[in-house]
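Numbering (UniProt numbering), first residue to last: 1 to 213.
C-beta: ideal position from N, C-alpha, C; glycine also.
So the structure is just underneath, and the comments pick up after that.
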């Protein structure tokens, strides 16, 4: 585990204090999403807070409502992920669209945000994390899939966020079935993304969603 000094030094010869990075991220989040309705503070040494921003996911041009929350981690990008290569962004924060920010959901999100630094790995677009058992009540799906935001304000956060000169990847969290995972392994990610479009994949996480394969 890195020392606190190493965390602050990661990726910059003249790092800002950790609290400044924290406020910088939150300010960018709030510039697009407004103030969070809830913030869940992490008491661990590697502090990864979770902010919950209320949102109606129905487009302005359509009728009705589909209320939920945009969850965003704040702290995962405090240090670079180990082993990042190529053009991949060296730092990341996670985003999850949920109906309610339950303790179970927040615990899973924080666990995922810590995983690169525990397993000495990195997350990027299309990466998966297979769990030994379903991580959520009410679902049989066991694999997390990371994509990137397609909703306007969330894309702008991803474009604006930078820490210590490094661009920060915003990765959306999705749960997929065993059959969907096999499709991705066999045919690549694009056919699966086409399936999501075909089935009008809901933005808000639904643990009861049926497999598309």
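Discussion item. Please state the DSSP three-state secondary structure of residue 192.
Written reply: helix
Report task. For residue 152, write down the residues that DSSP places opposite it in a beta bridge. Result -> According to DSSP, which records beta bridges pairwise, residue 152 is partnered with nothing at all.
Q. Near residue 47, which residues of its chain fall below 7 Å by C-beta distance, leaving aside the five closest residues on each side in sequence?
A. 75
Report buried or exposed for residue 51, applying the criterion of at least 16 other Cβ atoms within 10 angstroms of its Cβ. buried
- Task: Could you pull the start and end residues of the alpha helix (DSSP H) that residue 186 belongs to?
- Result: 178 to 187
Span of the beta strand (DSSP E), counted from its first residue to its last, around residue 40:
Under the DSSP assignment, residue 40 falls in the beta strand (DSSP E) whose first and last residues are 38 to 40.
query = Starting from residue 46 and walking both ways along the beta strand (DSSP E), at which residues does that stretch end?
reply = Premise fails: residue 46 is in no beta strand (DSSP E) and is neither H nor E.
ask   = Can you name, in chain order, every residue of its own chain whose Cβ lies under 6 Å from the Cβ of residue 203, other than the five neighbours on each side?
value = Same-chain partners within the cutoff: 57 and 97.
Helix, strand or coil: which one does DSSP assign to residue 212? In the three-state DSSP reduction, residue 212 falls in the coil class, being neither helix nor strand.
Between which two residues does the alpha helix (DSSP H) harbouring residue 117 extend?
103 to 119
Where do the ends of the beta strand (DSSP E) carrying residue 93 lie?
91 to 98
#### Entry: Endpoints, the beta strand (DSSP E) within which residue 201 is located
Unbroken run through residue 201: none, as it is neither H nor E.
Unbroken beta strand (DSSP E) run spanning residue 139, endpoints
Taken as a continuous stretch (DSSP letters only), residue 139 belongs to no beta strand (DSSP E), as it is neither H nor E.
Next on the checklist: Given this structure, state the Cα-to-Cα distance separating residue 30 from residue 36, to the nearest angstrom.
Outcome noted: 7 Å
If we ignore side chains and look at the alpha-carbon of each, how far apart do residue 99 and residue 71 end up? 10 Å
Would DSSP call residue 57 helix, strand or coil?
coil
- Could you tell me whether the segment 158 to 171 touches the segment 180 to 190, where touching means 3 or more Cβ pairs closer than 8 Å? no
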